[in-house]
Amino acid sequence: MMSSIKVITKKNYCIVSSFEEDASELAEKVEELLNEGWILSGGLASSNSKIFQALTKV
419 MMSSIKVITK KNYCIVSSFE EDASELAEKV EELLNEGWIL SGGLASSNSK IFQALTKV
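In our numbering, the protein residues as written are 419 to 476.
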């Protein structure tokens, strides 16, 4: 089964989302973005079996 990580990126704001069963892949993607200079914006949010993480870039 293919992972369903979704990344919505604008110039200075990014939202990463996945289904709960793909939490490990979500963590890997967030770590990759942090290594690229993105900064966490708040904690995880969840709704309807999906989890979300927002990041910002200055």
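Beta carbons are placed, not taken as given, at the ideal position from N, Cα and C, and that holds for glycine. This one's a predicted model, so the numbers in the text were calculated from it and none came from an experiment.
- Annotation: Leu-451 to Ser-467 spans about 23 Å, alpha carbon to alpha carbon.
- In this structure, DSSP gives Ser-442 a helical state, which the three-state scheme calls helix.
- Here Lys-468 carries a strand assignment [DSSP, helix/strand/coil].
- Selection Ala-472, Glu-443 and Asn-453 evaluated against Ser-459 yields Ala-472 as nearest (Cα-Cα).
- Rounded to the nearest whole angstrom, the C-alpha separation of Asn-430 and Ser-436 is 21 Å.
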